[in-house]
Amino acid sequence: METHTKKLLEECNSGCKMGINSMKQISDYIKDEKLKDLVNEYIRKHQDLEKETSRLLEQSGEEEKEPGPVATAFSWVTTEMKLMIKDDSGQIAKILTDGSNMGIQSISKAVNQYSHASTDSVALAKRLVKSEENFMRDLKPFL
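And the structure:
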């Protein structure tokens, strides 16, 4: 597998996993049923994209990349602290919006950095970015 394609797919796979973990962590705090349904919908969308990146990596004999332990721990602690201070729908929507924004930046940077990646992997990365943008849009009423 071309290096750029592999790196881009690894970044997408890791980003999906990070997003899924964060949304699952936060969902325990959600009291608003509409927000809970929205988060569950985007967990499923991220799981579908994660499965697709895993499949493409596996087909090429590559292994999945787990999110870095330091980034994962930092994200978990930061989220828990913010939710201890205030765990209403507005705070939850803000945390999720911030996470989506970081995902958009990370994946967009990877698309630019790995400009020679396959068309399929770039298309998948752009679908992930679009999903994050849609999630941010759908979270606005809860802010």
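Residue numbering for the sequence shown follows this note's numbering, beginning at 580 and increasing consecutively.
We put the CB at the ideal spot given by N, CA and C, even for glycine.
For residue i versus residue j, is the C-beta distance shorter than 7 Å?
| i | j | result |
| --- | --- | --- |
| leucine 723 | serine 700 | Here the chain has residues from 580 to 722 only, and residue 723 is not among them. |
| cysteine 595 | glutamate 629 | yes |
| isoleucine 686 | alanine 704 | yes |
| isoleucine 599 | histidine 625 | yes |
| asparagine 603 | tyrosine 693 | It is worth fixing the name first, because residue 603 is lysine in this sequence and not asparagine. Not closer than 7 Å, so no. |
| alanine 689 | glutamate 590 | yes |
Could you check what DSSP says for residue i in three-state terms: helix, strand or coil?
| i | result |
| --- | --- |
| tyrosine 578 | This structure cannot speak to residue 578, because the chain is shown only from 580 to 722. |
| glycine 594 | helix |
| serine 687 | helix |
| glycine 669 | helix |
| glutamate 642 | coil |
| tyrosine 621 | helix |
| glutamate 581 | coil |
Residues in the same chain with beta-carbon distance under 6 Å from residue i, minus the five sequence neighbours each way, listed in chain order, please.
| i | result |
| --- | --- |
| phenylalanine 721 | Leu614, Ser668, Ala672 |
| asparagine 680 | none |
| leucine 718 | Ala672, Leu675, Thr676 |
| alanine 696 | His583, Thr584, Leu587 |
Looking only at C-alpha atoms, which of the options sits nearest to residue i?
| i | options | result |
| --- | --- | --- |
| serine 639 | Leu718, Thr584, Gln670, Ser710 | Thr584 |
| phenylalanine 714 | His695, Lys688, Asn691, Leu675 | Leu675 |
| glutamate 642 | Ile622, Ser593, Ala696, Arg716 | Ser593 |
| alanine 702 | Glu581, Gly678, Thr632 | Thr632 |
Strictly under 7 Å for the Cβ-Cβ distance: is residue i near chain D by that measure?
| i | result |
| --- | --- |
| valine 701 | Among the protein chains of the structure shown there is no chain D, as only one such chain exists. |
Less than 8 Å between C-beta atoms, sequence neighbours within five positions excluded: which residues of the same chain meet that for residue i?
| i | result |
| --- | --- |
| isoleucine 609 | Lys615, Val618, Ser668, Ile671 |
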